[in-house]
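Visitor: Take this structure first; my questions come after.
Below, the structure is given as structure tokens:
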């Protein structure tokens, strides 16, 4: 009887759970419908307001339309973002092609709506995800008054919040805080690589200063990562460091420095790149080949041609792609394609079939 | 008399064993449901500050090779390629591998995309059947068509890997459609965690849904009961099971219809195993085995927001063939990697995930099926209390409903706006109905798969699917 009693209790419990699930499911489904209907409604009204703002015949009527739009937004960040998107995407007005005029118009809307206030409230009251979002949006709006609050968030334990806050500081060009954040994650090699890449791309301040500050305190992994990342920015001040690294014994540093030197395409670096093209590491060789292809000298061309028969497939492919960018004569090309070196011919064919219309 | 008594005692004991087994499985499922609810809720919140669209022009984004193995897919292939060409991803290539089709698959692709034959060198890093020709189109520079000798799906995928250029690849079924942002969302798993070697997306049943260029344009309830049941079943399998196992980095299967792989890892483990019909599960188990054996840090992830739509079977015969095949694939993989089971060297995968699959996913079907016959038999024999039987039956059904209904709640979180509230509630009726007949039928198909393992382990079978609504 005991087992049966337990079973009945179990069954009742199950029914209770099912009931709760159904209520939750129904409520979520209902909320979803309400949200969809509300969004549709807002979108329709926003379209009318945005058109009113964009097509207003006089400045006075435009001001009135902006005021009406601000009333519609009523401190709701989702509605505000929908309105800005609608202004940016609207077709058929002078604002569409004139980015400056559009920005000025959005600025006028911002004066009425006070989005900084909306996001500041979110930063103070939201959960970690809302806070992170608010940091980014405040940075987009150039709300420098909230920099200190964002700095606090960048030091938070929650990784998402810290990342979003540091990204916001990046948009604000804050060298010290961004460098400190990057140094704080330098030991997490699974994570920091892409962050360095993203941060340097978004950074609005002096990239050289940021890199210098990181180089002062960073570990070898971070040094290599930063060098590879800033290669595209061709910062001359770091060339001596790149030269040292490219001729040193540390393979990882050599890979980074050769990549950075190759990006410059300076003839005076040819000798270093020629040496790197013979390195035992294929990544170094591949970077060197790419760098040599920018020089377009006879000796550089010879080295790239030589790399067409490299033992590593990727180096051969890089060489084949690079050679199409160099001034190679038709006879040289014929020689490669019809030559005894099958690797070189295959690599060239691979590239040529996709670049020349057959 | 003694012998009869022994049989009678055995049947009674087995009955109790069946009941205990069902209850234990249900408890495990409920734990899975609970963990999945917490994780999905957290992941949903996380998407708020996850600005994945900003990665479109980022250097961190990894280019992807989309491999489509095709064998006699003349009806779907062109439409599928056109749909893939519209996906929201900045750098990708599509490689269609024609695995020696005997219909017009090849001709249709070549004509539709104005392709021409090119000479190219191929690195056979994974051995495959001979590649006969490679076609390229100037008009669609990111599309390659590969003609090869027939060698099966795994062989076609391996050929696609050999010819691919990019560090990540995904294998897509010719009769599936991925949502516009699905690849971008899935690639985030690799960008945000460089240990990720595989990431799987959710596969949803497209029957009844209107999907245009990778976007869901409307949902209507599919006509057949069997299709409606599958909708609930897929939610349960993906949103409950995979979310749970990926949380403990012991997910053993990433759907063959939509998974993103780090190419280097797949090459290191030797590519897809030829002559197996459960290649999607086998490769994941092999990756686990290889990575753990070599003490490499890795992650096998599941992203419930990356959606791939697939047409579910529409007839009982097709669903029978599909489930039989899945069960054979499961059995084949478990047997191939039996050494991992209860082996502490493989951590959670060896100690929990593998035994779970052996006991509950493989033999569970067998025990459940025996129970279907034995329990009524025992009841007739008078060995089982009727009241107890009814309670047990209701309990088993209720637990099933809890799981299915829970998955529908999870669905509300992950794919808001896909169905109207009315439709969503209507679907939940099938979470109850599936327990009366459908579930039992599926169990029997799975048992058939086990019993016919030796005979059918190399047979794929063909499922009739209808065109996606455009």
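Residue numbers (this note's numbering), protein chains in the order written: chain A, 2 to 359; chain B, 11 to 480.
Quick reminder that beta carbons are idealized off the backbone N, C-alpha and C, glycines included.
1. Report the option in 188(A), 288(A) and 273(A) whose CA atom is closest to the CA atom of residue 229(A).
2. Give me the subset of the region 196-211 of chain B whose CB atoms are less than 9 Å from a CB atom of chain A, sorted by chain position.
3. With 9 Å set as the bound, which would you pick, yes or no: does the beta-carbon of residue 249(B) sit closer than that to a beta-carbon of chain A?
4. Do the region 184-203 of chain B and the region 212-231 of chain B meet, that is, are 3 or more Cβ pairs less than 8 Å apart?
5. Return the CA-CA distance between residue 183(A) and residue 193(A), expressed in angstroms with no decimal places.
6. Who are the neighbours of residue 187(A) on chain B, taking C-beta pairs under 8 Å?
7. Taking 9 Å as the CB-CB limit, is residue 183(A) close to chain B?
8. Just the chain A side, please: which residues come within less than 8 Å of residue 357(B) by C-beta, in chain order?
9. Quick check: the Cα distance between residue 359(A) and residue 78(B), rounded to an integer number of angstroms?
10. Near residue 248(B), which residues of its chain fall below 6 Å by C-beta distance, leaving aside the five closest residues on each side in sequence?
11. Which chain A residues sit within Cβ distance under 7 Å of residue 431(B)?
12. For residue 223(A), count the other beta carbons within 10 Å of its own beta carbon; 16 or more makes it buried, fewer makes it exposed. Which is it?
13. Only counting the same chain, and skipping five residues up and downstream in sequence, which positions put a Cβ closer than 8 Å to that of residue 214(A)?
14. Pull up the distance between the alpha-carbon of residue 18(B) and that of residue 219(B), whole angstroms please.
15. Just the Cα atoms here: how many angstroms apart are residue 265(B) and residue 252(B)?
16. Strictly below 8 Å CB to CB, what residues from chain B border residue 211(A)?
17. For residue 78(B), which residues does DSSP report across the bridge?
18. Kindly indicate the opening and closing residues of the alpha helix (DSSP H) around residue 171(A).
19. Tell me the DSSP bridge mates of residue 309(B)?
20. When the Cα atoms are used, what is the spatial distance from residue 93(B) to residue 153(B)?
21. Can you check which of these residues, 165(B), 274(B), 178(B) and 400(B), is closest to residue 289(B) by C-alpha distance?
22. For residue 254(A), which three-state DSSP category applies?
23. Looking at residue 95(B) and residue 179(B), is the spacing between their C-beta atoms short of 9 Å?
24. Mind reading off the beta-carbon distance from residue 320(A) to residue 308(A)? Whole number of angstroms is fine, and I expect it under 8 Å.
25. Verify the CB distance criterion: does residue 8(A) have a CB-CB separation below 9 Å to chain B?
26. Do you know whose CA, among 316(B), 151(B), 104(B) and 87(B), lies nearest residue 197(B)'s CA?
27. In angstroms with no decimal places, state the Cα-to-Cα distance between residue 195(B) and residue 205(B).
28. Since residue 23(B) is in the alpha helix (DSSP H), which residue starts that stretch and which ends it?
29. Could you check whether the Cβ of residue 424(B) sits closer than 9 Å to any Cβ belonging to chain A?
30. For residue 429(B), is the classification buried or exposed, using 16 other Cβ atoms within 10 angstroms of its Cβ as the cut-off for buried?
31. Determine the direct distance from the alpha carbon of residue 89(B) to that of residue 480(B), and round the result to whole angstroms.
32. For residue 350(A), go through chain B and note every residue whose CB falls closer than 9 Å to its CB, in chain order.
33. Quick one: does residue 111(A) have its CB under 9 Å from some CB of chain B?
34. Three or more C-beta pairs under 8 Å: does that hold for the region 62-77 of chain B against the region 441-453 of chain B?
35. Thinking C-alpha only, which one of 467(B), 425(B), 296(B) and 442(B) is nearest residue 228(B)?
36. Could you check whether the Cβ of residue 161(A) sits closer than 9 Å to any Cβ belonging to chain B?
Guide: This is what the structure gives:
1. The sequence position of residue 229(A) within the first chain is 228, counting from 1. Considering only alpha carbons, the answer is 288(A).
2. 201, 202, 203, 204 and 205
3. Position 239 of the second chain, counted from the start, is the residue given in the question as residue 249(B). For residue 249(B), the nearest beta carbon of chain A is not closer than 9 Å to its own beta carbon.
4. yes
5. Indexing the first chain from 1 puts residue 183(A) at position 182. Indexing the first chain from 1 puts residue 193(A) at position 192. Their backbone Cα atoms lie some 7 Å apart in a straight line.
6. One-based indexing of the first chain puts residue 187(A) at position 186. Here the premise fails: no neighbours, minimum Cβ distance about 15 Å.
7. Taking the first chain and counting its residues from 1, one reaches residue 183(A) at position 182. For residue 183(A), the answer is no, since every Cβ of chain B falls outside 9 Å of its Cβ.
8. Start at 1 with the first residue of the second chain, and residue 357(B) comes out as number 347. Those do not exist, as residue 357(B) stays about 18 Å from chain A at its closest Cβ, beyond 8 Å.
9. As a first step, residue 359(A) must be located in the first chain, where it is residue number 358. As a first step, residue 78(B) must be located in the second chain, where it is residue number 68. Model confidence at residue 359(A) stands at a pLDDT of 38, short of 50, so the residue's coordinates are unreliable; what they give is reported in the following sentence. If I take the Cα positions, the gap works out to 25 Å.
10. On the second chain, residue 248(B) is found 238 positions in, with the first residue counted as 1. So the list reads 212, once near-sequence residues are dropped.
11. As a position in the second chain, residue 431(B) is number 421, starting the count at 1. Neighbours of residue 431(B) on chain A, chain order: 30, 31, 33 and 34.
12. In the first chain, residue 223(A) corresponds to position 222, counting from 1. Burial call: buried.
13. Position 213 of the first chain holds residue 214(A). Only 176, 177 and 180 meet the Cβ criterion.
14. As a position in the second chain, residue 18(B) is number 8, starting the count at 1. As a position in the second chain, residue 219(B) is number 209, starting the count at 1. Counting only the Cα atoms, residue 219(B) lies some 52 Å from residue 18(B).
15. Along the second chain, read from residue 1 onward, the residue named residue 265(B) stands at position 255. Along the second chain, read from residue 1 onward, the residue named residue 252(B) stands at position 242. If you take the alpha carbons of residue 265(B) and residue 252(B), they lie about 10 Å apart.
16. Working through the first chain from its first residue, we reach residue 211(A) at position 210. Here the premise fails: no neighbours, minimum Cβ distance about 17 Å.
17. By 1-based counting over the second chain, the position of residue 78(B) is 68. DSSP lists 106(B) as partners of residue 78(B).
18. Here residue 171(A) corresponds to residue number 170 of the first chain, with the count starting at 1. Annotation: the continuous alpha helix (DSSP H) that includes residue 171(A) extends over 160-172.
19. Along the second chain, one-based indexing puts residue 309(B) at 299. Paired residues: 206(B).
20. Here the question's residue 93(B) lines up with position 83 in the second chain. Here the question's residue 153(B) lines up with position 143 in the second chain. Answer to the nearest angstrom: the Cα atoms are 13 Å apart.
21. Along the second chain, one-based indexing puts residue 289(B) at 279. Considering only alpha carbons, the answer is 165(B).
22. One-based indexing of the first chain puts residue 254(A) at position 253. Helix.
23. Counting from one through the second chain, the residue named residue 179(B) turns up at place 169. Counting from one through the second chain, the residue named residue 95(B) turns up at place 85. No. Outside cutoff.
24. In the first chain, counting from the first residue as 1, residue 320(A) sits at position 319. In the first chain, counting from the first residue as 1, residue 308(A) sits at position 307. 4 Å between Cβ atoms; contact.
25. As a working mapping, residue 8(A) is identified with position 7 in the first chain. Yes, because at least one Cβ of chain B sits closer than 9 Å to the Cβ of residue 8(A).
26. The count along the second chain starts at 1 and reaches residue 197(B) at position 187. Looking at the Cα atoms, 316(B) is the closest of the given residues.
27. Taking the first residue of the second chain as 1, we reach residue 195(B) at position 185. Taking the first residue of the second chain as 1, we reach residue 205(B) at position 195. So the alpha carbons of these two residues sit roughly 17 Å apart.
28. Within the second chain, residue 23(B) is the residue found at index 13, counting from 1. Following the DSSP letters along the chain, one finds residue 23(B) inside the alpha helix (DSSP H) bounded by residues 12-57.
29. Stepping through the second chain from its first residue, residue 424(B) is reached at position 414. By this cut-off, residue 424(B) is not an interface position.
30. By one-based count along the second chain, residue 429(B) stands at place 419. A residue is called buried when at least 16 other Cβ atoms come within 10 angstroms of its Cβ; residue 429(B) meets this threshold and is buried.
31. Your numbering for residue 480(B) matches position 470 in the second chain. Your numbering for residue 89(B) matches position 79 in the second chain. Residue placement at residue 480(B) cannot be trusted, given a pLDDT of 46 that sits under 50; the coordinates are not used to answer.
32. As a first step, residue 350(A) must be located in the first chain, where it is residue number 349. When 9 Å is used as the limit between beta carbons, residue 350(A) is near these residues of chain B: 128, 129, 130 and 131, in chain order.
33. Numbered from its first residue, the first chain carries residue 111(A) at position 110. Output row for residue 111(A): interface = no.
34. no
35. Taking the second chain and counting its residues from 1, the one referred to as residue 228(B) is at position 218. Ranking the options by Cα distance to residue 228(B), first place goes to 425(B).
36. Reading the first chain from its first residue, position 160 is the one you call residue 161(A). Closer than 9 Å to some Cβ of chain B, the Cβ of residue 161(A) qualifies, so yes.
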